[in-house]
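Trainee: Going letter by letter, the sequence shown gives residues 8 to 350 in my numbering.
Note that beta-carbon positions come from the ideal geometry of N, C-alpha and C, so glycine has one too.
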Amino acid sequence: MSRILVTGGAGFIGSNFVRFILDRYPDYRIVNLDKLTYAGNLENLSGLEKNPHHSFIQGDICDADLVGRILEKGADVIVNFAAETHVDRSILQSADFVRTNVLGTLNLLEQARKYKVARLLQVSTDEVYGSLGPSGAFTELSPIAPNSPYAASKASADLLVRSYCKTHGFPGIITRCSNNYGPYQFPEKLIPLLISNAMAGLPLPIYGDGLNVRDWIYVRDHCAALDAVLHRGRDGEVYNVGAKQEIPNIQVARRILESLGKDENLITYVEDRPGHDRRYAIDSTKMESQLGWHAEILFEAGLRATVEWYRSNSSWMEHVRNGEYLTYYDRMYGQRQRTLAER
Ligand code: NAD
Ligand code: TYD
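This is the structure we're talking about:
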């Protein structure tokens, strides 16, 4: 397990995972394959340039030759983070999601079989289960019922991994985690977008009535869960990962404003996202009872650390914002904001 091909390791969770593994297992070697889409950023890997245990390759997980050449040189396991990940973009550009998330995963499965990789960990999402009502939580046995093109593409990839396990006895494992937050997250996702806008004194766009609920997990807890699954998980299994920190979006916005000492009138309600899932909640009993993992970081502490990270890394944010930075909201709704005062 000491030679890992990490795909999508220049993105948010992948880059945190690379640091986590190199820190915990100093003798491991990581090859990091990332296409560097708008969401991939080499600044997320700063400090690792001279680390002999980490090498970066810019490339596409759909490229069979390239993936084959990397595996031929030797990798015990693949951890697949590479994906198009933003629900709002998937509504506008579904084909990109099918290409990378479905066909890219298929290519990794094929190459992994060919080169007899010992394990492929498919990093998936609770969004494949769809939306919950006011109570209950997703278990690994909940029906797959994706509602966005993003979730549908991730669900499709999960089903391919499952089918390879059943049909070919392939050593695949799937994790399904809830919403992550923490350092290096691209500011099109809720928490970094709100922090970045609040710091700049810009409106904080809240979709619909602001009462949609997400189960927030600090990215380091997710990395620890992936470490546990990678080393102690069982082939062919699915593991749900969550932190039991369910919070409505409007409360997330209020807490961010409070921690930055900004006024609540920056909150701006905007048109809802089409097909917007109402609530996610994850039951991680299987991870806890079988692999001895549990989330350690409470939302208050994780948010404090995250706000502090964005405050102290303003140049990272500036560079990201100067590059491609167009939210779904900007594109679709332009000026059609409904301010708090108008409601
Ligand atoms: P991200 O968008 O920050 O990073 C994705 C990375 O994949 C980027 O570096 C991008 O350049 C790379 N990439 C995209 N297409 C590629 C391709 N064809 N070939 C190679 N690299 C490619 O995403 P993230 O939030 O870090 O999510 C990582 C994984 O975790 C995804 O698979 C996502 O579905 C899953 N996940 C995310 C969350 C979350 O809350 N962010 C929760 C659960 C699961
Ligand atoms: P997001 O970070 O896009 O993650 P996901 O849709 O995968 O859960 O959104 C988290 C929640 O925040 C979701 O309910 C949509 C909402 N949201 C807003 O209210 N405003 C925004 O500007 C964004 C990006 C999201």
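Compute the Euclidean distance between the alpha carbons of Gly179 and Ile11, then round it to the nearest angstrom.
Mentor: 14 Å
Trainee: Leaving out the 5 sequence neighbours to the left and right, which residues in its chain are closer than 8 Å to Val84 when beta-carbon positions are compared?
Mentor: Met8, Arg10, Ile11, Leu12, Val124, Ala125, Arg126, Leu127, Leu128, Leu237, listed in sequence order.
Trainee: For the pair the stretch 69 to 83 and the stretch 111 to 122, tell me if three or more CB-CB distances fall below 8 Å.
Mentor: yes
Trainee: If you drop the 5 nearest sequence neighbours on each side, which residues of the same chain put their C-beta closer than 8 Å to that of Arg328?
Mentor: Pro194, Ser203
Trainee: Quick one: is Thr174 buried, meaning 16 or more other Cβ sit within 10 Å of its Cβ, or exposed?
Mentor: exposed
Trainee: Any idea what DSSP makes of Gly21, helix, strand or coil?
Mentor: helix
Trainee: Should His229 be labelled buried (16 or more other beta-carbon atoms within 10 Å of its own) or exposed?
Mentor: buried
Trainee: For Val100, is the classification buried or exposed, using 16 other Cβ atoms within 10 angstroms of its Cβ as the cut-off for buried?
Mentor: Val is not the amino acid found at residue 100; the sequence shown has Gln there. That one is exposed.
Trainee: Taking the C-alpha atoms as reference points, what is the distance between Lys161 and Gly54?
Mentor: 31 Å
Trainee: On the premise that Asn219 lies in contact with Val262, defined as a C-beta separation below 8 Å, what is that separation, rounded to the nearest angstrom?
Mentor: Note on residue identity: the sequence assigns Arg, not Val, to residue 262. Not confirmed; about 16 Å, so no contact.
Trainee: Among residues of its own chain, excluding the 5 on either side of Pro255, which ones have a beta-carbon nearer than 8 Å to its beta-carbon?
Mentor: Gly217, Leu218, Asn219, Val220
Trainee: With DSSP as the reference, label Arg26 as helix, strand or coil.
Mentor: helix
Trainee: Taking only three categories from DSSP, how would you classify Phe104?
Mentor: helix
Trainee: Per DSSP, what are the beta-bridge partners of Phe145 in this structure?
Mentor: Ile289
Trainee: Tell me where the alpha helix (DSSP H) around Ser319 begins and ends.
Mentor: 306 to 319
Trainee: Taking the alpha-carbon positions, what's the Ala89 to Ala288 distance?
Mentor: 24 Å
Trainee: Quick one: Cα of Ala369 to Cα of Val248, how far?
Mentor: No answer is possible for residue 369: the residues shown for the chain start at 8 and end at 350.
Trainee: Report yes if the C-beta of Val94 is less than 7 Å from at least one heavy atom of ligand 2; otherwise report no.
Mentor: yes
Trainee: Does ligand 2 have a heavy atom nearer than 7 Å to the CB of Pro212?
Mentor: yes
Trainee: Taking 8 Å as the threshold (C-beta atoms), are Glu50 and Trp316 in contact?
Mentor: no
Trainee: With which residues is Asn39 paired in a DSSP beta bridge?
Mentor: Val13, Phe63
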